[in-house]
Amino acid sequence: MPNLCPCGSGQTYTDCCEPIISGKRNAETALQLMRSRYTAFSKANVDYLLRSHASQTRPVKDRKNIERWAKSVVWMGLSIISTESGEANDETGYVEFKATFLEKGKPDQIHERSLFHRENGKWVYVSGMHF
Ligand SMILES: [Zn+2]
716 MPNLCPCGSG QTYTDCCEPI ISGKRNAETA LQLMRSRYTA FSKANVDYLL RSHASQTRPV
776 KDRKNIERWA KSVVWMGLSI ISTESGEAND ETGYVEFKAT FLEKGKPDQI HERSLFHREN
836 GKWVYVSGMH F
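All you need for the numbering used here is the position in the sequence shown, starting with 1, plus 715.
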């Protein structure tokens with residue numbers, strides 16, 4: 716059984732989000748960065764979540780809360796609804812997604828349109844609009 720990536724790409728973790736999260740390789744697109752952040756949430760990797768966050772909006776003070784919440788829920792899956800820009804030659808991009816999870820045994824989801832931009836050449840998460 717290959718170790719499939721939590722982001723649901725169908726690729727193995729070591730071919731998909733792992734090299735991005737570990738810093739071996741940069742996300743080429745906003746979508747890759749978005750997927751890596753979902754995977755980091757599912758692993759409660761708050762270091763990576765903060766590192767992949769735009770410095771202007773980085774929620775440094777929320778580190779503990781983010782970690783506690785990410786660990787408290789059971790991540791069920793990610794579905795990408797649409798993307799806009801965010802390609803290898805773009806400076807900004809949007810990804811709309813749904814992430815489903817169980818919180819205290821109850822199914823819930825995040826439906827968000829996220830904005831990404833490049834900071835020092837690397838894709839980072841800026842902010843999101845919830846539906
Ligand atoms: Zn992945």
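Yeah, the Cβ is synthetic: ideal placement off N, Cα and C, and Gly gets one too.
For clarity, every value in this text was computed on a predicted model and none was experimentally measured.
Practice task
Give a single yes or no on whether S724 has its beta carbon closer than 6 Å to a heavy atom of ligand 1.
Solution key: yes
Exercise for the section: In angstroms with no decimal places, state the Cα-to-Cα distance between F756 and A769. Expected result: 17 Å
Practice task
Could you tell me which of C732, R766, L719, M749 sits nearest to G843, measuring between CA atoms?
Solution key: M749
Handout entry: Own chain, CB closer than 6 Å to V761, minus 5 neighbours either side, in chain order
Key = R778, I781, E782
Exercise for the section: Pull up the CB-CB distance for K819 and S794, whole angstroms please, since I reckon it's below 8 Å. Expected result: So it is not a contact: roughly 22 Å between Cβ atoms.
Exercise for the section: Report the rounded CA-to-CA distance for T744 versus C731, giving the unit in angstroms. Expected result: 13 Å
Problem - C-beta atoms of L765 and R773 nearer than 7 Å - result: yes
Handout entry: Sub-7 Å separation of T754 and M791 beta-carbons
Key = no
Handout entry: Span of the alpha helix (DSSP H) around D762
Key = 761-766
Practice task
Can you tell me which of G725, T729, S767, S737 puts its alpha carbon nearest to the alpha carbon of H832?
Solution key: S767
Practice task
Mind checking who L719 pairs with in its DSSP beta bridge?
Solution key: T727
Practice task
May I ask you to report which of helix, strand or coil DSSP gives K758?
Solution key: coil
Handout entry: Helix, strand or coil at E802 according to DSSP, with G and I counted as helix
Key = coil
Problem - Own chain, CB closer than 7 Å to V789, minus 5 neighbours either side, in chain order - result: F816, L817
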